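**Student:** Going by the numbering used here, the first residue of the sequence shown is number 1, and it counts up by one from there.
Glycine included, each C-beta is placed from N, C-alpha and C at the ideal position.
Since the model is a prediction, treat every value here as computed from it, not as a measurement.
One structure is given below, represented as C-alpha cells, and several questions about it will come after.
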Amino acid sequence: MLFKKLSITLVIVVTMLFQTVNVFAADVILGGQSIGIELDYDGVLITGTYDISIDNKKYNPSSDGYLTGDIIKKVNGQSIDSISTLMANVEKEIDNKNTITLTLSRDKKELHKELKFQESDGKFTTGLYVQDGLTGVGTMTYFNPATHHFGALGHVMMDVSLESDVIIKKGSVYNSYVKKINPSENGKPGEKIAEIGSIQIGTIYDNNNYGIYGNYDDYPSQDKQIISTASMDEVEEGEAYFLTVLDGHTLTKCSINITKLKKQNEPSIKGITFEITDEKVLSLTNGVVQGMSGSPIIQNGKLIGCVTHVDVNNVHQGYGLYIDWMLENDK
Numbered sequence: 001m002l003f004k005k006l007s008i009t010l011v012i013v014v015t016m017l018f019q020t021v022n023v024f025a026a027d028v029i030l031g032g033q034s035i036g037i038e039l040d041y042d043g044v045l046i047t048g049t050y051d052i053s054i055d056n057k058k059y060n061p062s063s064d065g066y067l068t069g070d071i072i073k074k075v076n077g078q079s080i081d082s083i084s085t086l087m088a089n090v091e092k093e094i095d096n097k098n099t100i101t102l103t104l105s106r107d108k109k110e111l112h113k114e115l116k117f118q119e120s121d122g123k124f125t126t127g128l129y130v131q132d133g134l135t136g137v138g139t140m141t142y143f144n145p146a147t148h149h150f151g152a153l154g155h156v157m158m159d160v161s162l163e164s165d166v167i168i169k170k171g172s173v174y175n176s177y178v179k180k181i182n183p184s185e186n187g188k189p190g191e192k193i194a195e196i197g198s199i200q201i202g203t204i205y206d207n208n209n210y211g212i213y214g215n216y217d218d219y220p221s222q223d224k225q226i227i228s229t230a231s232m233d234e235v236e237e238g239e240a241y242f243l244t245v246l247d248g249h250t251l252t253k254c255s256i257n258i259t260k261l262k263k264q265n266e267p268s269i270k271g272i273t274f275e276i277t278d279e280k281v282l283s284l285t286n287g288v289v290q291g292m293s294g295s296p297i298i299q300n301g302k303l304i305g306c307v308t309h310v311d312v313n314n315v316h317q318g319y320g321l322y323i324d325w326m327l328e329n330d331k
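Quick look at the structure:
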C-alpha cells in the first residue's frame, strides 16, 4: 500500500462571498512569524488509485466505485483516524481472513465498499493512494489577547492538486524555521523553504476562505507588540509595509506601495493591491513568494490586513485581505 502526506506552501486560492457582516476594531498582538500548519482529516483521504493484480487479473479500485476525495472512516466498523490505524486494522482483518468492508464518507453521505487487495510474501497492497493530512508553511497575522484566538494565512488551505474540494477544519499550528528562499519569476511564483518545528503554538478550529483560525497556547514573547487594527475606511493608497520571515525566525520589514483599494460591503479577497518597493527584499525574493500568506500589513501604525495572493504575471505585485474580514471570522 502506498501512502503519502503532502507538504505545501501557501499563497494562491479561490474563494466565495459570505453574507453582509458588521466589522469591529481590536487591539491585537502583531504577528509576522513563520508557522507550520498541520491539518488532519477526520479519517483517511483517498487521493487516487492504481492497478494491482488479483487472481492474475488486473484490478483497479476505481472499477468498484472508489473515488478521489472519498474519506475512509471505518474498517469493519472500527473507526480510524490515521494511516497507521488504517494499516493496523486492515492487517488484522487479513490475518483473521475476514472480508474487509470500508465505511466511506462522500458528499456527507456514508458508503460501504469491500476492500480488495493483492497479497504476496506476507505483504499486501490495495490499489489506493491515501493521506491523513496536509502540512504547509504560512505566516501568522495576529494574536487576539481578548479572545485568545489567532488569525493566519488569509485564505483557505487545501490540496489544489486534487479534484476533491474537501476542506479540513481542524489541526495544529507550530513554529517554523525558514531555511532558504526560492525567488519568484513572472509566471512562476517562488516559495519559502522551511522546516516545521516541534513547538505547538495553537489549535485550529476553522479553515475557511479567509484564513486559518484557532486558539493559541502561547506567542513568541520577544516579538510581542500590541497594535490597533484599522477599519477599511482608514486604509489609504500609498506607503505601507508588511512583516514576514525570510531567514530563520527573524522578522523582516518589507516596504510596499498600495496601488488600489476595493471598498467591500462583505468579505471578499483581493481588497488591497500593492507592489513591493523594498529593494533589499526584492534582491532575495524577486517579489511575493509562497509562504508569505498571512504576513500582516501595517499602515500609519495600524494593522490593516494581510498578504494573500501573488500576481502570477507580475510577481512584484500582490494582493491583501482587509483585517476587518479576519476579525469577523475571529468572532
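Using a Cβ-Cβ cut-off of 6 Å (strictly less than) and excluding sequence neighbours within five positions of V21, which residues of its own chain qualify?
**Tutor:** Reading the sequence shown from its first residue, position 21 is the one you call residue 21. Only weak support exists for where V21 lies, its pLDDT of 42 falling under 50; the coordinates are left without a value.
**Student:** Our contact map puts G171 next to G211 with C-beta atoms below 8 Å; I'd like the distance itself, whole angstroms only.
**Tutor:** Here residue 171 refers to the residue found at position 171 when the sequence shown is read from its first residue. Here residue 211 refers to the residue found at position 211 when the sequence shown is read from its first residue. The Cβ separation is near 13 Å, so there is no contact.
**Student:** Count the other CB atoms within 10 Å of the CB of H148; is the residue buried (16 or more) or exposed (fewer)?
**Tutor:** In the sequence shown, the residue the question calls residue 148 occupies position 148. H148 is exposed by the Cβ-count criterion.
**Student:** What are the partner residues of D206, as DSSP defines its beta bridges?
**Tutor:** Taking the sequence shown and counting its residues from 1, the one referred to as residue 206 is at position 206. According to DSSP, which records beta bridges pairwise, D206 is partnered with Y213.
**Student:** H249 bridges to which residues according to DSSP?
**Tutor:** The sequence position of residue 249 within the sequence shown is 249, counting from 1. Paired residues: none, contrary to the question.
**Student:** Sort N175, I272 and I94 by Cα distance to E239 and report the nearest one.
**Tutor:** By one-based count along the sequence shown, residue 239 stands at place 239. Among N175, I272 and I94, the Cα nearest to that of E239 belongs to I272.
**Student:** From K123 to T229, what distance separates their C-alpha atoms?
**Tutor:** Start at 1 with the first residue of the sequence shown, and residue 123 comes out as number 123. Start at 1 with the first residue of the sequence shown, and residue 229 comes out as number 229. So the alpha carbons of these two residues sit roughly 57 Å apart.
**Student:** Flag this pair as yes or no: are the beta carbons of I181 and V310 separated by less than 8 Å?
**Tutor:** Working through the sequence shown from its first residue, we reach residue 181 at position 181. Working through the sequence shown from its first residue, we reach residue 310 at position 310. For I181 and V310, no; Cβs fall outside 8 Å.
**Student:** Buried or exposed: which applies to D55, given that a residue is buried once 16 or more other Cβ atoms fall within 10 Å of its Cβ?
**Tutor:** On the sequence shown, position 55 is the one that residue 55 refers to. Label assigned to D55: exposed.
**Student:** Looking at P183: is its Cβ nearer than 8 Å to the Cβ of T85?
**Tutor:** For this step, residue 183 is matched to residue 183 along the sequence shown. For this step, residue 85 is matched to residue 85 along the sequence shown. No, Cβ-Cβ distance for P183 and T85 is not below 8 Å.
**Student:** Classify T285 as helix, strand or coil using the three-state DSSP reduction.
**Tutor:** As a working note, residue 285 is residue 285 in the sequence shown. Note: T285 maps to helix in three-state DSSP.
**Student:** Distance check for G48 and M292, CA to CA, integer angstroms please.
**Tutor:** Counting from 1 along the sequence shown, the entry for residue 292 is found at position 292. Counting from 1 along the sequence shown, the entry for residue 48 is found at position 48. Between M292 and G48, the C-alpha separation is close to 30 Å.
**Student:** By how many angstroms is the C-alpha of H155 removed from the C-alpha of I35?
**Tutor:** Walking along the sequence shown from the start, residue 35 turns up at place 35. Walking along the sequence shown from the start, residue 155 turns up at place 155. Each residue's Cα considered, the two are about 15 Å apart.
**Student:** When we look at the beta-carbon of K192 and count the other beta-carbons within 10 Å, is it buried (16 or more) or exposed?
**Tutor:** Looking up residue 192 in the sequence shown gives position 192. The residue is buried, with at least 16 neighbouring Cβ atoms inside 10 Å.
**Student:** Output the residue ranges of the beta strand (DSSP E) runs that lie fully inside the stretch 291–323 and measure 3 residues or longer, sorted by chain position.
**Tutor:** 296–299, 302–310 and 317–322
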